[in-house]
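Working notes, beginning with the structure itself.
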Amino acid sequence: SPPPPPSMPAMAHDDAADGGAALAAAEELLASAEESLKNFQDEESVSSAKEAWASFAQQGDLSGAADAVRLLVAAKCALLLPEEAAKAANQGLASCREGSRGRQRGTRKAEAKMLLAVAEAAVGHAPLQLGRARAEEAIAAAE
1386 SPPPPPSMPA
1396 MAHDDAADGG
1406 AALAAAEELL
1416 ASAEESLKNF
1426 QDEESVSSAK
1436 EAWASFAQQG
1446 DLSGAADAVR
1456 LLVAAKCALL
1466 LPEEAAKAAN
1476 QGLASCREGS
1486 RGRQRGTRKA
1496 EAKMLLAVAE
1506 AAVGHAPLQL
1516 GRARAEEAIA
1526 AAE
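Going by this note's numbering, the first residue of the sequence shown is number 1386, and it counts up by one from there.
Below you can see the structure in the form of structure tokens.
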């Protein structure tokens, strides 16, 4: 099952050095999740994507968290777990919207990515109209 939605704290300025290392580690996890997904190692992709999501969220990186959620959704869909994919996507969207109350860069782009993840999870799981509506909402959010 997907992790609980991570909170999206604003990044502290005095933790910049530690934050840089943590951000690099999160990016490595994201790359690992993507590579695993490309190589049909879906369970490993799920694990890496969850870790990346939590790490990006801890750093307050909404865009990175959104990328991790999209990979998590893709891996869950590849494992034929559409309900879990939809749950993760909706949790990601909720955490993004909650985190966007701070003044973080890339909030609209991150929200659009999360909405796209919801739409991707909805394809084959929910009526096509739901997926289409979420895709249109994602496009509108990015504009």
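Even for Gly, the Cβ is constructed at its ideal location relative to N, Cα and C.
None of the values given here were measured: they were computed from a predicted structure.
Next item on the list: Could you work out which residue in Ala1460, Val1454, Leu1464 is closest to Leu1501 when comparing CA atoms only?
Entry: Position 116 of the sequence shown, counted from the start, is the residue given in the question as residue 1501. Looking at the Cα atoms, Val1454 is the closest of the given residues.
Checklist line | Residues near Gln1429 by beta carbon distance below 7 Å, same chain, minus five either side | finding: On the sequence shown, residue 1429 is found 44 positions in, with the first residue counted as 1. Reading off the sequence, residue 1429 comes out as Glu, not Gln. Result list for Glu1429: Ser1421, in chain order.
Item checked: Close Cβ partners of Ala1463 (< 6 Å) along its chain, the five nearest in sequence each way excluded -> One-based indexing of the sequence shown puts residue 1463 at position 78. The residues are Asp1427.
Margin query: Looking at Ile1437: is its Cβ nearer than 8 Å to the Cβ of Ala1411?
Written below: To locate residue 1437, count along the sequence shown from 1; it is residue 52. To locate residue 1411, count along the sequence shown from 1; it is residue 26. Correcting the residue identity first, residue 1437 is Ala in this sequence and not Ile. Yes, the Cβ-Cβ distance between Ala1437 and Ala1411 is below 8 Å.
Notebook entry, point to check: If we count the other Cβ atoms within 10 Å of its Cβ and call it buried at 16 or more, is Glu1496 buried or exposed?
Noted result: Here residue 1496 is taken as the residue at index 111 of the sequence shown, counted from 1. Answer is buried; the Cβ neighbour count reaches 16.
Check: When the Cα atoms are used, what is the spatial distance from Ala1460 to Pro1467?
Finding: Position 75 of the sequence shown, counting from 1, holds the residue named residue 1460. Position 82 of the sequence shown, counting from 1, holds the residue named residue 1467. Each residue's alpha carbon lies about 10 Å from the other.
Item checked: Reduced DSSP secondary structure (H/G/I, E/B, other) of Gly1445 -> For this step, residue 1445 is matched to residue 60 along the sequence shown. Three-state result, Gly1445: coil.
Item checked: Range of the contiguous alpha helix (DSSP H) that encloses Leu1500 -> If you number the sequence shown from 1, residue 1500 lands on position 115. Segment 1492 to 1507, the alpha helix (DSSP H) holding Leu1500.
Item checked: When Leu1465, Ala1473, Leu1447, Glu1505 are compared against Lys1494, the one with the closest alpha-carbon -> Against the sequence shown, residue 1494 aligns to sequence position 109. Cα-wise, what sits closest to Lys1494 is Leu1447.
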